[in-house]
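Order-wise, the sequence lines are chains H and Z.
To convert, note that position 40 of the first sequence is 40 in UniProt numbering; the numbers rise steadily by one, no gaps.
To convert, note that position 92 of the second sequence is 92 in UniProt numbering; the numbers rise steadily by one, no gaps.
C-beta: ideal position from N, C-alpha, C; glycine also.
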Amino acid sequence: MPTEQREEKQLEASLDALLSQVADLKNSLGSFIYKLENEYDRLTWPSVLDSFALLSGQLNTLNKVLKHEKTPLFRNQVIIPLVLSPDRDEDLMRQTEGRVPVFSHEVVPDHLRTKPDPEVEEQEKQLTTDAARIGADAAQKQIQSLNKMCSNLLEKISKEEREAESGGLRPNKQTFNPADTNALVAAVAFGKGLSNWRPSGSSGPGQPGQPGAGTILTGASGLQQVQMSGAPSQQQPMLSGVQMAQAGQPGKMPSGIKTNIKSASMHPYQRSRVTPLRSFPTTQSVYNPVPLTRSDCSLLKTLQFLLCFQKKPNCSIWPSRPATFSHSWLHFPFFPFTTLKASVASGSLTVAAPGYLYSPTSSPHNPLGNS
Amino acid sequence: MEAPPVTMMPVTGGTINMMEYLLQGSVLDHSLESLIHRLRGLCDNMEPETFLDHEMVFLLKGQQASPFVLRARRSMDRAGAPWHLRYLGQPEMGDKNRHALVRNCVDIATSENLTDFLMEMGFRMDHEFVARGHLFRKGIMKIVVYKIFRILTPGNTDNTEALSLSYLVELSVVAPAGQDVVSDDMRNFAEQLKPLVHLEKIDPKRLM
């Protein structure tokens with residue numbers, strides 16, 4: 001009898017402890033639910049976490065109470081429903097805070113259940129036997145492989161996250177193509193892949209008699225013909241070459257030149273002075289001398305070579321030049337392709353860039369800096 | 001009237017002895033927006049500037065082995081702007097300590113009859129193209145992002161076709177010779193454009 005009484009007392013005590021723990025848990029849950037329902041608009045994440053921490057702590061205490069060595073095994077206790085009644089029970093209503101109004105056959109199986117459903121029980125039993133059948137080594141292996149899979153998955157997810165953050169834009173899409181880079185650089189550097197208007201097989205102006213001189217504008221041919229009348233006959237082969245090449249380059253004639261050709265043809269020998277077509281638009285400060293680096297010195301020398309001739313008006317380089325032409329106005333040296341070409345070109349010079357080349361006042365603008 | 005005295009030596013000092021430091025790269029069309037966005041963030045706060053230029057490259061072959069090359073550029077979208085004549089020297093790759101390609105460069109503004117003038121001098125046009133794109137500045141650095149168009153009929157800049165599906169990106173600084181420190185700034189800036197665009201010093205001779 002004393003042992004029975006002692007057990008009963010223990011049961012009472014542990015039940016009380018359990019009840020108070022459950023009541024605490026219920027209060028916390030109630031206040032959390034209230035918060036979620038009524039303060040969701042100003043609820044902060046830290047405060048939600050606080051509530052969770054409280055609930056988790058209380059559940060832990062409840063578990064501790066249940067596992068305490070002094071707590072009797074509740075599963076050994078049997079609860080038998082003595083009376084089932086379909087009538088409303090006010091006492092029960094009060095005790096359950098209005099949740100269970102009647103103690104009837106409908107609610108009893110749910111509220112007095114102490115074991116899981118038979119199917120669940122069956123499944124659990126099977127799992128337990130399965131687990132018991134696997135050896136410790138195999139189990140360890142399975143645990144390891146599962147851990148490995150989980151960590152791989154985690155790594156993948158975090159990597160994706162990082163890339164999405166750092167890359168921001170199309171992490172997997174190419175934004176540039178090295179082959180395109182090379183093609184574009186080659187195009188700007190030496191015109192690779194661009195339209196090339198150079199007549200094939202042509203040579204530089206340093207080699208006379210070839211159509212390379214054809215870069216002189218179309219329409220200038222009218223002028224060339226005018227000049228030919230006063231020029232020695234040996235110019236003819238060269239000029240025909242010029243005109244042949246010009247035929248292949250239509251539509252490049254600036255209007256300013258056309259008007260000048262006309263005047264030149266009317267007064268072929270009176271081009272003593274050509275007035276500027278238009279004044280130079282930019283300020284003097286932009287007129288830094290043309291860039292001739294050391295490697296281009298030979299060009300400079302040839303230009304100067306020509307200047308020497310210009311100082312002597314009756315020099316044979318200008319065979320058809322009238323004496324009225326003042327070469328000292330020609331501040332700008334012309335590149336001497338050949339003697340012949342120079343004379344042709346010097347004739348066309350009077351029309352090509354008049355204000356720029358011929359005005360005696362243009363010396364501050366002198367582009368080659370030979371003043 | 002006596003001709004002014006002729007000097008044999010090229011003029012030094014002033015803007016003559018300038019070097020252009022250059023890094024190049026490209027960006028595919030669909031990523032252009034991203035690059036422009038980033039450049040607007042990185043560069044000096046200025047109105048977004050676009051350009052549409054027509055560039056003609058002229059050659060003069062003399063006794064020298066390599067022809068003398070001049071580049072004439074005119075703006076197609078800004079009437080009345082002066083033409084731009086540019087001389088570029090041979091690019092030097094340099095060593096690892098210099099992070100950009102370096103080449104001699106001279107820029108001059110000219111009047112619009114520049115092509116006639118060059119033609120009369122004996123230059124002839126080698127090739128031409130149209131460039132359309134955006135311009136950014138950061139300090140002395142200049143960043144141009146542009147598309148190159150091939151000209152289908154000579155001289156007709158309305159009839160063009162894009163050269164590739166990419167935009168060329170160039171980061172350049174024009175500085176007096178020997179200022180190699182600017183290439184450090186350029187490298188830092190180029191780093192900030194990665195991985196969108198990789199700006200590198202590309203030796204054009206390699207691509208010939």
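Return the first residue and the last residue of the beta strand (DSSP E) that R99 (chain H) is part of.
As a first step, residue 99 (chain H) is located in the first sequence; it is residue number 99 there, counting from the start. That residue, R99 (chain H), is in no beta strand (DSSP E); it is neither H nor E in DSSP.
Delimiting residues of the alpha helix (DSSP H) encompassing I202 (chain Z)
As a first step, residue 202 (chain Z) must be located in the second sequence, where it is residue number 202. No alpha helix (DSSP H) holds I202 (chain Z); DSSP gives it neither H nor E.
P195 (chain Z) CB to nearest chain H CB: under 8 Å?
Counting from 1 along the second sequence, the entry for residue 195 (chain Z) is found at position 195. Taking Cβ atoms only, chain H reaches closer than 8 Å to P195 (chain Z), which makes this a yes.
Between the Cα of R113 (chain H) and the Cα atoms of H:Q126, H:K35, H:P2, H:P81, which residue gives the shortest distance?
Locating residue 113 (chain H) in the first sequence gives position 113, counting from the first residue. Nearest C-alpha to R113 (chain H): H:P81.
Quick check on M46 (chain Z): buried or exposed, where buried means 16 or more other Cβ atoms within 10 Å of its Cβ?
As a working mapping, residue 46 (chain Z) is identified with position 46 in the second sequence. Result: exposed.
What three-state label does DSSP hand D16 (chain H) in the structure shown?
By 1-based counting over the first sequence, the position of residue 16 (chain H) is 16. Taken through DSSP and simplified to helix, strand or coil, D16 (chain H) comes out as helix.
Name the residue from Z:K142, Z:E92, Z:D126 whose alpha carbon lies nearest to the alpha carbon of L59 (chain Z).
Numbered from 1 along the second sequence, position 59 holds the residue referred to as residue 59 (chain Z). Of Z:K142, Z:E92, Z:D126, the residue nearest in Cα terms is Z:D126.
When you compare the CB of Y356 (chain H) with every CB in chain Z, is at least one pair closer than 8 Å?
On the first sequence, position 356 is the one that residue 356 (chain H) refers to. Unreliable positioning characterises Y356 (chain H) in this predicted model, as indicated by a pLDDT of 42, which lies under 50. A coordinate reading is not provided.
If you measure from the beta carbon of A187 (chain H) to each beta carbon in chain Z, is any gap under 8 Å?
By one-based count along the first sequence, residue 187 (chain H) stands at place 187. With a threshold of 8 Å between beta carbons, A187 (chain H) makes contact with chain Z.
Excluding the 5 residues preceding and the 5 following P72 (chain H) in the sequence, name in chain order all residues of the same chain whose CB lies nearer than 8 Å to its CB.
Position 72 of the first sequence, counted from the start, is the residue given in the question as residue 72 (chain H). For P72 (chain H), same chain residues with a beta-carbon under 8 Å away, outside a window of 5 residues either side, are E7, Q10, L11, S14 in chain order.
Give a yes or no on whether the minimum CB-CB distance between F189 (chain Z) and chain H is below 8 Å.
To locate residue 189 (chain Z), count along the second sequence from 1; it is residue 189. No, F189 (chain Z) does not count as interfacial toward chain H.
If you draw a straight line from the C-alpha of D180 (chain H) to the C-alpha of L196 (chain Z), how long is it?
Within the first sequence, residue 180 (chain H) is the residue found at index 180, counting from 1. Within the second sequence, residue 196 (chain Z) is the residue found at index 196, counting from 1. In a straight line, the C-alpha of D180 (chain H) is about 14 Å away from that of L196 (chain Z).
Using the C-alpha atoms, what's the distance from P204 (chain Z) back to S26 (chain Z)?
One-based indexing of the second sequence puts residue 26 (chain Z) at position 26. One-based indexing of the second sequence puts residue 204 (chain Z) at position 204. A straight-line Cα-Cα distance of about 15 Å links S26 (chain Z) and P204 (chain Z).
Own chain partners of S28 (chain H) with C-beta closer than 8 Å, once the 5 adjacent residues on each side are dropped
Position 28 of the first sequence holds residue 28 (chain H). Excluding residues within five positions, the ones whose Cβ falls inside 8 Å are S51, L54, L55, Q58.
Ends of the alpha helix (DSSP H) at P46 (chain H)?
Within the first sequence, the letter at position 46 stands for residue 46 (chain H). Annotation for P46 (chain H): the continuous alpha helix (DSSP H) segment containing it runs 45-67.
For a minimum of 3 consecutive residues, which ranges assigned as the beta strand (DSSP E) are wholly contained in the segment 85-154 of chain Z?
Taken in chain order, the unbroken stretches of beta strand (DSSP E) that lie wholly in the segment 85-154 of chain Z and span 3 residues or more are 101-110, 124-138, 141-151.
Give a yes or no on contact between the segment 98-105 of chain Z and the segment 178-192 of chain Z, applying the rule of three or more CB pairs nearer than 8 Å.
Taking a cut-off of 8 Å on C-beta distances, the segment 98-105 of chain Z touches the segment 178-192 of chain Z, as three or more cross pairs fall below it.
Could you check which residue in Z:H84, Z:D107, Z:V169 has the C-alpha nearest to that of L22 (chain Z)?
For this step, residue 22 (chain Z) is matched to residue 22 along the second sequence. Comparing Cα positions, the closest option is Z:V169.
Assuming contact is defined by CB atoms lying nearer than 8 Å, are S75 (chain Z) and D53 (chain Z) in contact in what I supplied?
Position 75 of the second sequence holds residue 75 (chain Z). Position 53 of the second sequence holds residue 53 (chain Z). Cβ atoms of S75 (chain Z) and D53 (chain Z): closer than 8 Å.
Using a beta-carbon distance below 8 Å, is R150 (chain Z) in contact with chain B?
Among the chains of the structure shown, chain B does not appear; the protein chains present are H and Z.
Once you ignore the five residues that flank A183 (chain H) on each side, which residues in its own chain have a CB closer than 8 Å to its CB?
On the first sequence, residue 183 (chain H) is found 183 positions in, with the first residue counted as 1. Only K192, G193 meet the Cβ criterion.
Rounded to the nearest angstrom, what separates L36 (chain H) and E97 (chain H) at their Cα positions?
For the purposes of this step, residue 36 (chain H) is taken as residue 36 along the first sequence, with counting starting at 1. For the purposes of this step, residue 97 (chain H) is taken as residue 97 along the first sequence, with counting starting at 1. C-alpha separation (whole angstroms): 21 Å.
Mapping DSSP to helix, strand and coil, what is V185 (chain H)?
The sequence position of residue 185 (chain H) within the first sequence is 185, counting from 1. In the three-state reduction of the DSSP assignment, V185 (chain H) falls in the helix class.
Can you list, in chain order, the residues of its chain with a C-beta nearer than 8 Å to that of W83 (chain Z)? Leave out the 5 residues immediately preceding and following it.
Numbered from 1 along the second sequence, position 83 holds the residue referred to as residue 83 (chain Z). Contacts found: A72, R73, R74, A109, T110, S111, E112, L114.
is_contact[F129 (chain Z), chain H] using C-beta, thresh 8 Å:
Here the question's residue 129 (chain Z) lines up with position 129 in the second sequence. Cβ-Cβ to chain H under 8 Å: yes for F129 (chain Z).
Would you report the Cα separation of G135 (chain H) and E161 (chain H), rounded to the nearest angstrom?
Translated into the one-based positions of the first sequence, residue 135 (chain H) becomes position 135. Translated into the one-based positions of the first sequence, residue 161 (chain H) becomes position 161. Separation of G135 (chain H) and E161 (chain H) (C-alpha to C-alpha, rounded to the nearest whole angstrom) is 39 Å.
By Cβ distance below 7 Å, which residues in the same chain neighbour L199 (chain Z) in space, the five residues on each side in sequence not counted?
For the purposes of this step, residue 199 (chain Z) is taken as the residue at position 199 of the second sequence. Same-chain partners within the cutoff: L23, Q24, G25, V169, L171, A190, L193.
Between the Cα of F190 (chain H) and those of Z:L42, Z:S34, Z:A65, Z:V69, spot the shortest distance and give me the residue it belongs to.
Numbered from 1 along the first sequence, position 190 holds the residue referred to as residue 190 (chain H). Closest option to F190 (chain H), Cα to Cα, is Z:V69.
For N159 (chain Z), I'd like the list of residues in its chain whose CB is within less than 6 Å of its CB, leaving aside the five on either flank, ordered along the chain.
In the second sequence, residue 159 (chain Z) corresponds to position 159, counting from 1. L152, T153.
Using a beta-carbon distance cut-off of less than 7 Å, what residues from the segment 19-32 of chain Z approach chain H?
Sequence-ordered contacts of the segment 19-32 of chain Z with chain H read Q24, G25, S26, V27, L28, S31 [C-beta pairs closer than 7 Å].
Limits of the alpha helix (DSSP H) - the one that A81 (chain Z) falls within
Residue numbering aside, residue 81 (chain Z) sits at position 81 when the second sequence is read from its first letter. Judged by DSSP secondary structure, A81 (chain Z) falls outside any alpha helix (DSSP H); it is assigned neither H nor E.
Would you verify that the beta carbon of S183 (chain Z) is, or is not, closer than 8 Å to some beta carbon of chain H?
In the second sequence, counting from the first residue as 1, residue 183 (chain Z) sits at position 183. No, S183 (chain Z) does not count as interfacial toward chain H.
Considering only the beta carbon of each residue, do R132 (chain Z) and F149 (chain Z) sit closer than 8 Å?
Within the second sequence, numbered from 1, the residue matching residue 132 (chain Z) stands at position 132. Within the second sequence, numbered from 1, the residue matching residue 149 (chain Z) stands at position 149. Yes, these two residues count as a Cβ contact at 8 Å.
Tell me whether D180 (chain H) sits in a helix, a strand or coil according to DSSP, three-state version.
Your numbering for residue 180 (chain H) matches position 180 in the first sequence. In the structure shown, D180 (chain H) adopts helical secondary structure according to DSSP, grouped into three states.
Measuring only between beta-carbons, confirm whether A183 (chain H) sits less than 8 Å from chain Z.
As a first step, residue 183 (chain H) is located in the first sequence; it is residue number 183 there, counting from the start. Closer than 8 Å to some Cβ of chain Z, the Cβ of A183 (chain H) qualifies, so yes.
How long is the line joining the alpha carbons of A177 (chain Z) and M18 (chain Z), rounded to whole angstroms?
Against the second sequence, residue 177 (chain Z) aligns to sequence position 177. Against the second sequence, residue 18 (chain Z) aligns to sequence position 18. A177 (chain Z) and M18 (chain Z) have their C-alpha atoms spaced approximately 6 Å apart.
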